[in-house]
Amino acid sequence: IIRVTKLAFEYARKRNGRLTAVDKANVLASSRLWRETIQEMEAEYKDVKIEYMFVDNAAMQLIQNPKGFDVMVTGNMFGDILTDEASVITGSLGMLPSASVGTHTSVFEPIHGSFPQAAGKNTANPCATILSAAMLLDSLDLTEEAKTVRKAVEASLESNFVTEDLDKDIAKSTSEVGGWIAEYILKS
């Protein structure tokens with residue numbers, strides 16, 4: 018709990034200083050432990066505004082007001098459910114990056130994993146992988162480079178240069194979208 022929460026506080030500090038802790042502390046003892054641990058850590062992060070939210074309310078708020086969130090910290094069970102819910106907001110699981118951060122080693126990958134169902138079809142959305150690379154750059158304190166990568170993905174979306182999971186009518190291939198984003202980065 019401490020390691021994950023420290024990472025969440027640090028990430029919130031680097032972004033806009035907002036952290037939402039999601040739990041079910043009114044019912045579950047394990048959630049009360051999470052909340053108590055986070056509350057003990059608050060003093061170390063006075064510059065981060067923390068909000069505590071029960072998971073059922075967080076699920077509703079995530080759909081009604083997704084911009085009300087920035088960094089969330091929660092246990093695996095609630096996190097798994099909320100990230101799947103968040104994919105609806107983005108339009109596809111193919112848009113969600115993830116990080117499994119360890120003490121010495123970290124893995125940055127799309128939230129859906131390797132997506133073997135799309136192997137050899139050139140149809141997978143590369144954006145989650147590319148955004149995972151941006152998270153890697155952030156972890157290495159290469160924030161300007163990470164911003165450039167994110168801006169390139171945003172530009173591809175704004176230009177409707179997307180794969181079939183986002184729009185079947187104008188779908189491009191994995192390599193076309195990836196190539197477009199790479200060109201954008203090179204020109205930036």
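18 is the number of the first residue of the sequence shown in our numbering; add one for each residue after it.
Ideal placement from N, C-alpha and C gives every residue a C-beta, glycine not left out.
Original post:
Who are D40's beta bridge partners in DSSP?
Top reply: Here residue 40 corresponds to residue number 23 of the sequence shown, with the count starting at 1. BP columns for D40 point to F71.
Original post:
Start and end of the alpha helix (DSSP H) containing M94?
Top reply: The residue labelled residue 94 in the question sits at position 77 within the sequence shown. Segment 93-107, the alpha helix (DSSP H) holding M94.
**OP:** Following the continuous beta strand (DSSP E) through V118, name the residue where it begins and the one where it ends.
**Re:** The count along the sequence shown starts at 1 and reaches residue 118 at position 101. Note, V118: beta strand (DSSP E), 114-118.
Original post:
Less than 7 Å separating the beta-carbons of G111 and N142?
Top reply: The residue labelled residue 111 in the question sits at position 94 within the sequence shown. The residue labelled residue 142 in the question sits at position 125 within the sequence shown. Going by C-beta atoms, G111 is nearer than 7 Å to N142.
**OP:** Mind reading off the beta-carbon distance from V72 to F95? Whole number of angstroms is fine, and I expect it under 8 Å.
**Re:** Here the question's residue 72 lines up with position 55 in the sequence shown. Here the question's residue 95 lines up with position 78 in the sequence shown. About 5 Å; that satisfies the 8 Å criterion.
**OP:** With DSSP as the reference, label K31 as helix, strand or coil.
**Re:** In the sequence shown, residue 31 corresponds to position 14, counting from 1. DSSP places K31 in helix when its eight states are reduced to three.
**OP:** Measure how close the beta-carbons of A38 and R52 come, nearest whole angstrom, since I'm counting them as under 8 Å.
**Re:** Here the question's residue 38 lines up with position 21 in the sequence shown. Here the question's residue 52 lines up with position 35 in the sequence shown. With a Cβ gap of about 7 Å, A38 and R52 count as contacting.
Subject >> Start and end residues, alpha helix (DSSP H) containing V194 >> reply: The residue given as residue 194 occupies position 177 in the sequence shown. Start and end: 191-204.
Original post:
Is the stretch 118-135 in contact with the stretch 157-165, if contact means three or more CB pairs nearer than 8 Å?
Top reply: no
Original post:
Nearest CA to the CA of V166: which residue from I198, F26, E61?
Top reply: By 1-based counting over the sequence shown, the position of residue 166 is 149. V166 has its Cα closest to that of I198, out of I198, F26, E61.
Subject >> Whole alpha helix (DSSP H) elements within the stretch 116-168, 4-residue minimum >> reply: 144-156
Subject >> Extent of the continuous beta strand (DSSP E) run through V179 >> reply: Start at 1 with the first residue of the sequence shown, and residue 179 comes out as number 162. From DSSP, V179 is part of no beta strand (DSSP E); its letter is neither H nor E.
Original post:
When the Cα atoms are used, what is the spatial distance from G130 to A145?
Top reply: Along the sequence shown, one-based indexing puts residue 130 at 113. Along the sequence shown, one-based indexing puts residue 145 at 128. Using only the alpha carbons, I get a separation of about 10 Å.
Subject >> Rounded C-alpha distance that separates I187 from Y69 >> reply: As a working mapping, residue 187 is identified with position 170 in the sequence shown. As a working mapping, residue 69 is identified with position 52 in the sequence shown. Roughly 41 Å separates the two Cα atoms.
Subject >> Residue(s) in a DSSP beta bridge with K66 >> reply: The residue labelled residue 66 in the question sits at position 49 within the sequence shown. BP columns for K66 point to R35.
Original post:
Which residues in the same chain as G85 place their Cβ atom closer than 8 Å to its Cβ, once the five residues preceding and following it in sequence are excluded?
Top reply: Reading the sequence shown from its first residue, position 68 is the one you call residue 85. Excluding sequence neighbours, G85 sits near Q78.
Original post:
Which residues mark the beginning and the end of the alpha helix (DSSP H) in which A46 is found?
Top reply: In the sequence shown, residue 46 corresponds to position 29, counting from 1. Per DSSP, A46 belongs to the alpha helix (DSSP H) from 46-58.
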